[in-house]
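Numbering (the numbering used here), first residue to last: 173 to 515.
What follows is a set of notes on a single structure, which appears directly below.
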Ligand code: PAZ
């Protein structure tokens, strides 16, 4: 075994020994096992879509946390495209971020009540929204009838990683019929449990807790987030790179698509390429914060760099409050790991 494989495994085992699992992990695992088994029996392709940002709590009883940017638009929209193409979808998303189908009516400047009106003492959908809502409702009803969407949620980076690992291992027997579409914005740094204070970090020197002044809640290590003088000092540790474990260990035959978000255009393709070389998965989809709704770049070993752009004339906001960049899911929905040469 190569040294890098060995150290990735050690990092995984250290992480999952020291960071406790979320309370709902067992429930999620039971739901996922049943869902995966049923769709495998029916011969359906299955994709795990991750969506939304992960948080890094600074305190155990969390008042303050660091967040990663993502509304969940890419993930929720892509999930709809996978569903339209016949996939079963496990949607692992940040709690309260956008959801497939309901995203058309939430998180925008309109209240869902603005789509309704009263008629003869009944609540009905306003005429101007009938066609669009009927289209969305029909898709949603069909997906529900076929039980093809399982929604799981996380908030913190640790909750995300525990769920990802459990679901990935359950998907392993699906081989190339499984796809991972990792659109979530995942923290690169975190506060380990043994360096986290229990209580809200105090800003007023009069109220500093514990001998180290930060209320370390029984931990003996220096807290990762603490007040020093009048400043808040945050000293985070790197999150182990779990993509390697996913590719090599948890689901080695699956098709794996990761996303890369950058703000500096000169870094995007280079960073996507670096990730592809490092983890040897199938595809990295790069996007820039400011243009992510109009253009993405596919970076793959076989095809190099390929841009997908929404033409300028179509860059208007749609009914759902987001433009209609297919965001690659429609394109990918007809592929699996055995066809990865097509990129
Ligand atoms: O959720 P959203 O549509 O607002 O944003 C999507 C995105 C930019 C988070 C996603 O396309 C992405 O790039 N995810 C990976 C982020 C990362 O590099 O960790």
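Where is the CB? At the ideal position from N, CA and C, for every residue including glycine.
{"Asked": "Cβ neighbours of residue 418 in the same chain (closer than 7 Å, five flanking residues each side left out)", "Found": "340, 352 and 428"}
{"Asked": "Cut-off 6 Å between Cβ atoms - residues of its own chain near residue 456, not counting five sequence neighbours on either side", "Found": "430, 432, 444, 447, 448 and 471"}
{"Asked": "The region 296-315 touching the region 359-374, judged by at least three CB pairs closer than 8 Å", "Found": "no"}
{"Asked": "Proximity test, residue 242 beta-carbon vs the ligand PAZ heavy atom, cut-off 8 Å", "Found": "yes"}
{"Asked": "Which of helix, strand or coil DSSP assigns to residue 479", "Found": "strand"}
{"Asked": "Residue 464 CB to nearest heavy atom of the ligand SAM below 8 Å", "Found": "This structure lacks the ligand SAM; the ligands present are the ligand PAZ."}
{"Asked": "DSSP state of residue 353 mapped onto helix, strand, coil", "Found": "strand"}
{"Asked": "C-alpha distance - residue 281 paired with residue 199, whole-angstrom precision", "Found": "34 Å"}
{"Asked": "Reference residue 135; option with closest CA among 466, 462, 222 and 478", "Found": "The first residue shown for the chain is 173 and the last is 515, placing residue 135 beyond what the model contains."}
{"Asked": "Residue 416 CB to nearest heavy atom of the ligand PAZ below 8 Å", "Found": "no"}
{"Asked": "N-terminal and C-terminal residue of the beta strand (DSSP E) that residue 265 is part of", "Found": "260-266"}
{"Asked": "The alpha helix (DSSP H) enclosing residue 505, as first and last residue numbers", "Found": "Here residue 505 belongs to no alpha helix (DSSP H), and DSSP marks it neither H nor E."}
{"Asked": "Sufficient close CB pairs (3 or more, under 8 Å) joining the region 264-283 to the region 243-256", "Found": "yes"}
{"Asked": "Nonlocal neighbours in the same chain, by C-beta distance under 8 Å from residue 409, ignoring five residues either side", "Found": "361, 362, 363, 364, 367 and 396"}
{"Asked": "Simplified DSSP state of residue 373, which is helix, strand or coil", "Found": "coil"}
{"Asked": "Cβ-heavy atom distance, residue 246 to the ligand PAZ, below 8 Å", "Found": "yes"}
{"Asked": "Residue from 407, 405, 252 and 188 with nearest C-alpha to residue 313", "Found": "252"}
{"Asked": "Among 473, 475, 453 and 479, the one whose alpha carbon lies nearest that of residue 465", "Found": "479"}
{"Asked": "Same chain, Cβ closer than 6 Å to residue 323, five either side skipped, listed in chain order", "Found": "263"}
{"Asked": "Any non-hydrogen atom of the ligand PAZ within 8 Å of residue 431 CB", "Found": "yes"}
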